[in-house]
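The block underneath contains the structure these notes are about, expressed in structure tokens.
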Amino acid sequence: MTRYVRGPVLACAVAAAVLTGCATEDAICGGGEYPVLAIGSTGSACAPNGEEPPEGYTRYPEGKVPEHVGDKWDTYWETHTVDKDGRVIEVPEGE
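Next comes the structure, spelled out in structure tokens:
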């Protein structure tokens, strides 16, 4: 009886992975963390939920938070950052 169940179970698992995209997207941070941006550079890190960003880092501006590696905002922040006053600025090429 096991061999008859294995096929449909495998098919359902593959379909779920394809439909949710979970097989191709890596999260920026793990569970219980949120992404933070280095002030004045394109560096980033993850901070524990409920805690303030570490010194030298800030929260991403609302609506511009990367969620997955290579998504729209992850790519955007490769060439942009925030300055010490919280303004979004373009990073000079090569920095």
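Take the sequence shown: its position 51, counting from 1, is numbered 1321 in this note's numbering, and each next residue is one higher.
Just so it is clear, CB atoms sit at the ideal spot from N, CA and C, and this is done for glycine as well.
As the structure is a prediction and not an experimental result, all values here were calculated from the model.
Can you round the beta-carbon distance between residue i and residue j to whole angstroms, since I take them to be within the 8 Å contact cut?
{"i": "Val-1306", "j": "Ala-1317", "result": "5 Å"}
{"i": "Asp-1258", "j": "His-1338", "result": "The structure shown does not extend to residue 1258, since the chain is modelled only from 1271 to 1365, so the question has no answer here."}
{"i": "Tyr-1330", "j": "Ala-1315", "result": "Not really, about 11 Å apart at Cβ, beyond 8 Å."}
Spatial neighbours of residue i within its chain, please: C-beta separation below 8 Å, excluding the five flanking residues on both sides.
{"i": "Gly-1291", "result": "For Gly-1291, the predicted structure reports a pLDDT of 48, less than 50, and the residue's modelled location is therefore unreliable. A value from the coordinates is still provided. The answer is none, since no qualifying residue turns up."}
{"i": "Pro-1324", "result": "Val-1306, Ala-1315 and Ala-1317"}
Note down, in chain order, each residue of its chain lying with its Cβ closer than 7 Å to the Cβ of residue i, except the 5 sequence neighbours on either side.
{"i": "Asn-1319", "result": "Gly-1302, Glu-1303 and Tyr-1304"}
{"i": "Val-1358", "result": "Pro-1331, His-1350 and Val-1352"}
{"i": "Thr-1312", "result": "Trp-1347, Glu-1348, Thr-1351 and Val-1361"}
Within a Cβ cutoff of 6 Å, which residues of the same chain sit near residue i, ignoring the five residues on either side of it in sequence?
{"i": "Glu-1295", "result": "His-1338"}
{"i": "Asp-1355", "result": "none"}
{"i": "Gly-1333", "result": "none"}
Rounded to whole angstroms, what is the Cα-Cα separation between residue i and residue j?
{"i": "Glu-1360", "j": "Trp-1347", "result": "9 Å"}
{"i": "Gly-1340", "j": "Gly-1300", "result": "16 Å"}
{"i": "Val-1352", "j": "Pro-1362", "result": "13 Å"}
{"i": "Ile-1298", "j": "Gly-1310", "result": "20 Å"}
{"i": "Lys-1342", "j": "Glu-1321", "result": "26 Å"}
Under the three-state reduction of DSSP, which class applies to residue i: helix, strand or coil?
{"i": "Thr-1345", "result": "helix"}
{"i": "Cys-1292", "result": "With a pLDDT of 48 at Cys-1292, under the threshold of 50, the modelled position of that residue is not reliable, and no figure is offered here."}
{"i": "Pro-1318", "result": "strand"}
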